[in-house]
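Mapping of the sequence shown onto UniProt numbering: position 460 corresponds to residue 460, and the numbering continues sequentially without gaps. Don't be surprised by glycine CBs; every beta carbon is placed ideally from N, CA and C. All values derive from a computational prediction rather than experimental measurement.
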Amino acid sequence: MSSEHVIVVEKLADFRWSPPDIKVITAEQFVAEQPLHRGRLRKVTNLCRNYGYLSMGYYCSLLAEARGDRVTPSVDTILSLQRKRIEPSALAQLNRLLGPMKEIPRSVNTLTLHVFFGIMEDPALAALARKSFELFRCPLMEVTLERQEQSAHWQIGGLQALDLRDVDAARDEVFVQALLQYTRRSWRPMIAMPQPRMDLAVLHDPHDSLPPSNLKTLRKLVDVGQEMGIAVELIEKKDLSRLTQFDALFIRETTAVTHHTFQFARKAVAEGMPVIDDPVSILRCTNKAFLAELLREHAIATPLTHMVSRRTLADMQHRLAYPVVVKVPDGAFSRSVKKAESFEQLHAIARDMLKESEIILVQEFMYTDFDWRIGVLAGQAIFAAKYFMCDGHWQILQHTANGKYTEGRVQAVPLDQVPAQVLAAAVNSARLVGNGFYGVDLKATASGVYVIEINDNPNLDVGVEDAALGDGLYRLLLAHFLKQVEQRFSVSRAVGSLDRQPLKGLVVAAG
């Protein structure tokens, strides 16, 4: 189900612009709408004159949320702005973006800025404008800056919503360009195209030297999406404020809890958007201590693993058979993973790692020529590959002192040629983590199959992991997102239908 964009105003005359392909209706029309008139999941931008409690603007956002629409501003935002008190954490984030602004004369103590959808024309304050929209999600906002007493520094004095009549004609171009960017429209003449079935945002970092998917792969995802009637757009860290304009989010950056990828995932979930990777999967998969305990509790075979702290390190001297693998729990791409041939080496490695994490993992060393990587989506295996060790090394990825790295070769394997034990172990362990997209690493030995790791952000590249299935692999992923978006739309419609059922047996007592 595609989503359309609707702008709601109190009077049509308030909206004096004519951007293409954006429906503008009055608040009265919006409130009076019947369910048959709302054929698709919608994104609603509420540009009413007033958001006061129980005003028409307030009711438009309230009813949009009840109908399952994604509305900006939300009722929560409206109430926060009405309180006229900025949360200290939000205030601190905004104040950190303010520099001394030495070009402002010392005689000026107050500045008033108008921010349209997180955009203003002054590049020196662009970060402040973007962050204010990320935090408060108010389409048109006035930000007041105050000079600190006896100082060249500035701080936030207040925030309040604007209405369309506050947009000066001299700033029409800024407003229109901000609106078009927010709604992902273009002024360029275009051949009429059908509405996409879904808008998918793909978060990536074009400067990452070890991305989970390279640019060629992301372009392949865009092309396959177009064939399926799905609009796939690549976004970056700076696009958090635009996230709600999409139906779903696919994170193709290396994830971490203390990272913007986690912030994107949490925001997507808060907005009811399907997302891979979801915050729970990121939290669980990026910490090897959690995974080790999870797999042990469910009797999934893994290399023998010890959790070691400063206090228990000495106890390991006579408990281990060497060599052993030493890991910082929160690490990716073989970083913070080392091999110790003796207790003396273990002690030296552990001493450094314990400065980074209070707990480290010491794991039984198992050498195999390759690791199995099984891609699991929603509890089903979708691809398999053999990741071979680097020549003369015990890992599939070897980092060097100068920051460079080498990789072992990768061989895609059709699923029907993968040992049944390997597939079963991969699927069973991935299901313990969640219902997302995972890459399960396993070793097949003479003594059995062992799960090494479960990755929440598995590699997926053209000519590598997709070599066996080709474009079909991308269609599986896109179909998964589309199914979730359509289910969300169906639930929203069903709930709305139930809400509108007549109340039977209702007794009204007259005073």
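Nearest C-alpha to P139 among V224, L54, C48 and Q82: C48.
Distance from the CA of E364 to the CA of L304, rounded to the nearest whole angstrom, comes to 5 Å. V324: member of the beta strand (DSSP E) spanning V324 to K327, first to last residue. When the Cα atoms are used, A385 and E4 turn out to be separated by approximately 40 Å. In this structure L200 touches F250 by the C-beta definition: roughly 6 Å separates them, less than 8 Å. At a cut-off of 3 residues, the continuous stretches assigned as beta strand (DSSP E) that sit fully inside the stretch 333-415 are 337-340, 360-364, 370-377, 380-388, 397-399, 405-407 and 410-412. Within the DSSP secondary-structure output, L249 pairs in a beta bridge with A201 and V275. DSSP places R147 within a strand segment (E or B) once states are collapsed to three.
Between the C-alpha atoms of A299 and V115 there is a straight-line separation of about 55 Å. Between E142 and G118, the gap from beta carbon to beta carbon reaches 8 Å or more.
Beta-bridge pairing by DSSP links N455 to G439.
In the three-state reduction of the DSSP assignment, N95 falls in the helix class, which pools H, G and I. For E121, the CB contacts under 8 Å within the same chain, skipping 5 residues up- and downstream, are R171 and V174 in chain order. The C-alpha of K483 is placed about 33 Å away from the C-alpha of A289.
Under DSSP, G448 shares a beta bridge with T445. Excluding the 5 residues flanking it on each side, G52 has same chain C-beta neighbours closer than 8 Å at Y58 and Q82, in chain order. Bounds of any beta strand (DSSP E) do not take in L12, whose DSSP letter is neither H nor E.
In this structure, the straight-line span from the alpha carbon of A381 to that of G439 is close to 10 Å. Membership of G57 in any beta strand (DSSP E) is not indicated; the residue belongs instead to the alpha helix (DSSP H) covering M56 to A66. Assignment of M316 by DSSP, reduced to helix, strand and coil, places it in the helix class. In this model, K220 and S309 are separated by some 45 Å (Cα to Cα). Residue pairing for L473: DSSP places it in no beta bridge. Counting along the chain, no alpha helix (DSSP H) covers K237, and no H or E run does either. In this structure, A292 sits near L361, with a CB-CB distance shorter than 8 Å.
Looking from the CA of A467, the closest CA among A446, P414, A430 and K443 belongs to P414. Y182 and D391 have their C-alpha atoms some 49 Å from each other. Here P458 has P212, R373, G375, F437, Y438, G439 and E465 as same chain residues with Cβ atoms under 8 Å from its own Cβ, once five neighbours each way along the sequence are excluded.
In the DSSP assignment, T217 forms no beta bridge with any residue. In the DSSP assignment, no residue is bridged to N287.
Looking at the backbone, the Cα of S209 and that of K237 are separated by about 16 Å. DSSP places F117 outside any alpha helix (DSSP H), giving it a letter other than H or E.
Per the C-alpha coordinates, the member of R311, L473, V328 and E341 positioned closest to L320 is E341. The beta carbon of H347 is closer than 8 Å to those of L313 in its chain, skipping five residues each way along the sequence. Distance between P274 and A268, taken at the CA atoms: about 7 Å. The beta-carbon distance between M198 and R475, rounded to whole angstroms, is 13 Å. This is too long to meet the 8 Å contact definition. Distance from the CA atom of Q245 to the CA atom of P73, rounded to whole angstroms, is 13 Å.
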